[in-house]
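Each remark here refers to the structure printed beneath this line.
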Amino acid sequence: MLYLLRLLLLGIHFLVAGAINLTLGLLRPFNPDNSRLCGRVYSLPALRFLGLRYDLQVDELRKLTSPCVFAVNHQSNFDLFILGSVVPRRTVTIGKTSLRWIPIFGQIYWLAGNVLIERGNAVKAKAAMLKTTDTLQHKDTSIWVFVEGTRNLGQGLLPFKKGAFHMAIAAGVPIVPICCSNYKRTMRLNRWRSGTVHIRALPPMSTEGLTLDDMPALMEKCREQMVACIDGMDADHVPRSATADS
9 MLYLLRLLLL GIHFLVAGAI NLTLGLLRPF NPDNSRLCGR VYSLPALRFL
59 GLRYDLQVDE LRKLTSPCVF AVNHQSNFDL FILGSVVPRR TVTIGKTSLR
109 WIPIFGQIYW LAGNVLIERG NAVKAKAAML KTTDTLQHKD TSIWVFVEGT
159 RNLGQGLLPF KKGAFHMAIA AGVPIVPICC SNYKRTMRLN RWRSGTVHIR
209 ALPPMSTEGL TLDDMPALME KCREQMVACI DGMDADHVPR SATADS
């Protein structure tokens with residue numbers, strides 16, 4: 009019963025938050041700080057509805073003074089609610105052009121200044137890459153990328169896509185890994201306390217002086233750090249929270 013009630017409240021909240029965020033987008037269209045504000049509108053009430061607790065160690069994000077590429081793991085559609093409140097200032101994401109046509113959410117996503125790319129079109133994809141490089145270098149704006157390219161369903165990190173690392177090297181900006189614990193495996197929405205989500209921001213990884221020849225090593229290093237961080241969070245916290253919630 010609690011599970012169904014939470015999903016109902018989450019659905020109502022999604023519609024109300026959508027109306028608020030659509031208004032925000034219309035009042036200040038394509039402002040690169042819209043994603044941060046929209047993320048908080050979606051996330052903060054949703055965490056209460058879901059009964060989730062937060063364990064945040066994201067001081068690295070507060071120290072940032074220049075644009076970067078955020079490399080983040082992606083588990084499910086709940087990421088909108090779970091990760092939305094930690095999106096840093098002036099940060100946009102990259103998504104498929106088809107997102108634009110999702111009712112309400114798609115228009116919010118577009119008006120928030122996010123970068124839309126047509127993945128099946130090499131020419132347009134290259135143009136989008138040039139646009140992201142310009143955004144990072146000249147518009148005081150960072151880019152948030154789910155580096156696996158798709159949801160991993162809490163089953164461990166999938167192989168990384170090259171796009172985030174290509175952008176960072178081309179623009180000469182750091183990669184900042186952001187790791188979220190495997191909530192997909194541990195979240196219990198039928199319990200009053202449904203679990204704890206742990207989020208860590210790791211130190212920036214410099215791309216200064218790197219070329220595309222260095223990209224495979226950079227990707228491997230980033231993935232190793234994220235795997236170690238996520239495994240560590242799960243080993244340290246999941247058994248204890250699972251015991252407390254039972």
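Here the sequence shown is numbered in my numbering, starting from 9 and rising by one per residue. Note that CB positions come from ideal geometry on N, CA and C, so glycine has one too. Source: prediction; values computed, not measured.
- Beta-bridge partners of A27 (DSSP): none assigned.
- Fewer than three pairs of CB atoms, one per stretch, sit closer than 8 Å, so the stretch 215-235 makes no contact with the stretch 30-47.
- In the DSSP assignment, D67 falls within the alpha helix (DSSP H) that extends over 67-71.
- The alpha-carbon separation between H174 and H21 amounts to approximately 37 Å.
- Note on geometry: alpha-carbon atoms of L210 and P37 lie some 31 Å from one another.
- Taken atom to atom, the span from the alpha-carbon of G240 to that of P40 is near 33 Å.
- With 16 or more neighbouring CB atoms inside 10 Å of its own CB, P182 falls in the buried class.
- Taking 8 Å as the upper bound for CB-CB distance, V155 and V80 are in contact here, some 7 Å apart.
- Here DSSP, grouped into helix, strand and coil, assigns C188 to strand.
- With a threshold of 16 other beta carbon atoms within 10 Å, S51 meets it and is buried.
- Under the Cβ criterion (8 Å, minimum of three pairs), the stretch 213-222 does not count as touching the stretch 157-165.
- Looking at the DSSP output, S43 shares a beta bridge with no other residue.
- Listed in chain order, the beta strand (DSSP E) runs fully inside the stretch 66-123 are 77-80, 99-104, counting runs of at least 3 residues.
- Secondary structure of F168 (DSSP, three-state): coil.
- Partner residues in the beta bridge of D63, as assigned by DSSP, are H206.
- Under the DSSP assignment, F154 falls in the beta strand (DSSP E) whose first and last residues are 150-154.
- Between L72 and the set K104, C188, S150, G114, the nearest pair of CA atoms involves S150.
- Secondary-structure assignment with DSSP links I177 through no beta bridge to anything.
- Under DSSP, I125 shares a beta bridge with K104.
- M213 is bridged by DSSP to I183.
- In the structure shown, R48 adopts helical secondary structure according to DSSP, grouped into three states.
- With fewer than 16 other CB atoms across the displayed protein chains lying within 10 angstroms of its CB, M9 is exposed.
- Here F89 has L18, Y50, S51, A54, L55, L58 as same chain residues with Cβ atoms under 8 Å from its own Cβ, once five neighbours each way along the sequence are excluded.
- With respect to the 8 Å criterion, V24 and I207 are not classified as neighbours on the basis of their beta carbons.
- Pairing K192 with S106 gives a Cβ-Cβ distance that is not under 8 Å.
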